[in-house]
Amino acid sequence: MATTAETRLGAAGRDRTFFLAMALAIAATIVAGFGLQFIMGRSSLGAPWWVHVHGISFMAWLALYVTQNLLIYRGATGLHRRLGWIGAGLVCWLVLVGVSVNTLAATFHRIPPFFETNVFLVMDWMNVLVFAGLTFAAIGLRKRTDWHRRLMLCGTLYLMAPGAGRLLPLPLLGTWIIWTIWAVLLVYASAGMIYDVVTRGRVHPAYLWGFGTITVATALIRPLAFTPPMLALTAALTG
Numbered sequence: 613m614a615t616t617a618e619t620r621l622g623a624a625g626r627d628r629t630f631f632l633a634m635a636l637a638i639a640a641t642i643v644a645g646f647g648l649q650f651i652m653g654r655s656s657l658g659a660p661w662w663v664h665v666h667g668i669s670f671m672a673w674l675a676l677y678v679t680q681n682l683l684i685y686r687g688a689t690g691l692h693r694r695l696g697w698i699g700a701g702l703v704c705w706l707v708l709v710g711v712s713v714n715t716l717a718a719t720f721h722r723i724p725p726f727f728e729t730n731v732f733l734v735m736d737w738m739n740v741l742v743f744a745g746l747t748f749a750a751i752g753l754r755k756r757t758d759w760h761r762r763l764m765l766c767g768t769l770y771l772m773a774p775g776a777g778r779l780l781p782l783p784l785l786g787t788w789i790i791w792t793i794w795a796v797l798l799v800y801a802s803a804g805m806i807y808d809v810v811t812r813g814r815v816h817p818a819y820l821w822g823f824g825t826i827t828v829a830t831a832l833i834r835p836l837a838f839t840p841p842m843l844a845l846t847a848a849l850t851g
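Those letters in the sequence shown? Residues 613 to 851, per this note's numbering, in order.
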């Protein structure tokens, strides 16, 4: 009995360490991507106010996600649960900000020239909506820790896409931009799957649902972007 309890405690400790490490890796990637653009002069503090609201809002989520994993690592589950409800409200705000700011970016012609405007809009809208869907699914399954952690990871992983993309030579990728970013996300998701195989003997189904959703969303971006309603909306926003 004592050996079994010690084994479970050891496994729980490994899980906490792994998910904290993943949170820090995602945070480092996002900061590196946006930091690189700032250093190279492609981003500046002279952007419109709504761009800064967007950046501050999403960095708040990143800080909260890292903090939540740190709290679990330290065993502060009570505070983790209380902050979780703040996080749920923040997700709603991020959806509003994300959809609004991307729409404004098209209206004011602030979309990078190597992106087709209609594709950029669908990609960013899909990004924030899938993130919210996976995160709320994780919140709904918060009592099932194994599902909760992995769906939260997948949701925040998809939110990493803009930061990861800024580390890639996007102008050279053409129509492969979306799938190249997906491949970067797959590397991070694969780390989680490999960890499961090593520690559990199989991949947890949460990854199949979480990263499977990301994959389907990625596959739908370009087809949705070229539907007549989306083309008409893009023309109206940019005209």
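Built from N, CA and C at the ideal position, the CB exists for glycine as well. None of the values given here were measured: they were computed from a predicted structure.
Helix or strand or just coil, what does DSSP make of residue i?
i                 : result
methionine 764    : helix
alanine 659       : coil
alanine 795       : helix
methionine 613    : Bear in mind that a pLDDT of 46 at methionine 613, under 50, signals an unreliable position, so the number given afterwards is only what the model happens to contain. Reduced to three states, the DSSP call for methionine 613 is coil.
valine 816        : The identity of residue 816 in the sequence shown is histidine, whereas the question assumes valine. DSSP places histidine 816 in coil when its eight states are reduced to three.
tryptophan 679    : Note that residue 679 is threonine in the sequence shown, not tryptophan. In the structure shown, threonine 679 sits in a helix (DSSP, three-state: H, G or I).
glutamate 618     : Summary for glutamate 618: the model assigns pLDDT 44, below 50, so the residue's position carries little reliability; its value from the coordinates is reported in the next sentence. Correct three-state label for glutamate 618: helix.
leucine 695       : helix
threonine 839     : coil
arginine 720      : The amino acid at residue 720 is misidentified as arginine; the sequence shows phenylalanine. Of the three classes helix, strand and coil, the one that applies to phenylalanine 720 here is coil, per DSSP.
leucine 753       : coil
alanine 672       : helix
glycine 687       : coil
leucine 648       : helix
proline 783       : helix
phenylalanine 727 : coil
So residue i and residue j are supposed to be a Cβ contact under 8 Å. How far apart are they, rounded?
i              : j                 : result
arginine 778   : phenylalanine 646 : 6 Å
isoleucine 790 : threonine 830     : 6 Å
alanine 803    : methionine 652    : Alanine 803 to methionine 652, Cβ: 28 Å. No contact.
valine 711     : leucine 836       : Actually they are not in contact, since the Cβ atoms of valine 711 and leucine 836 sit about 15 Å apart, beyond 8 Å.
alanine 718    : threonine 846     : 7 Å
leucine 691    : alanine 672       : The Cβ separation is near 17 Å, so there is no contact.
tyrosine 770   : leucine 785       : In fact, because the Cβ distance is near 19 Å, the residues do not count as touching under 8 Å.
threonine 715  : leucine 849       : 7 Å
Should residue i be labelled buried (16 or more other beta-carbon atoms within 10 Å of its own) or exposed?
i              : result
threonine 729  : buried
histidine 664  : exposed
alanine 640    : exposed
isoleucine 668 : exposed
isoleucine 793 : buried
valine 810     : exposed
alanine 773    : buried
isoleucine 806 : exposed
valine 731     : buried
threonine 616  : The pLDDT assigned to threonine 616 is 47, lower than 50, so where the model puts this residue is not dependable, and the model offers no usable value.
alanine 614    : Model confidence at alanine 614 stands at a pLDDT of 43, short of 50, so the residue's coordinates are unreliable; what they give is reported in the following sentence. By the neighbour-count rule (16 or more Cβ atoms within 10 Å), alanine 614 is not buried but exposed.
valine 713     : buried
glycine 775    : buried
glycine 625    : exposed
isoleucine 698 : exposed
histidine 666  : buried
glycine 822    : buried
Return yes when at least one heavy atom of the ligand SAM lies under 7 Å from the C-beta of residue i, else no.
i             : result
threonine 787 : Annotation note on the ligand SAM: not contained in the displayed structure, which lists no ligands.
Is there a C-beta anywhere in chain C that falls below 8 Å from the one on residue i?
i           : result
glycine 690 : The structure shown has no chain C; it contains just one protein chain.
key: At least three beta-carbon pairs within less than 8 Å, the stretch 759 to 771 to the stretch 741 to 751   = yes
task = Pair every Cβ in the stretch 735 to 742 with every Cβ in the stretch 794 to 812, then say whether three or more of these pairs are closer than 8 Å.
result = no
ask   = Is it a yes or a no for the stretch 703 to 723 touching the stretch 679 to 689, going by three-plus beta-carbon pairs under 8 Å?
value = No: fewer than three Cβ pairs fall under 8 Å.
ask   = So does the stretch 820 to 830 actually touch the stretch 766 to 776, counting three or more Cβ pairs closer than 8 Å?
value = Counting Cβ pairs under 8 Å, three or more are found: they touch.
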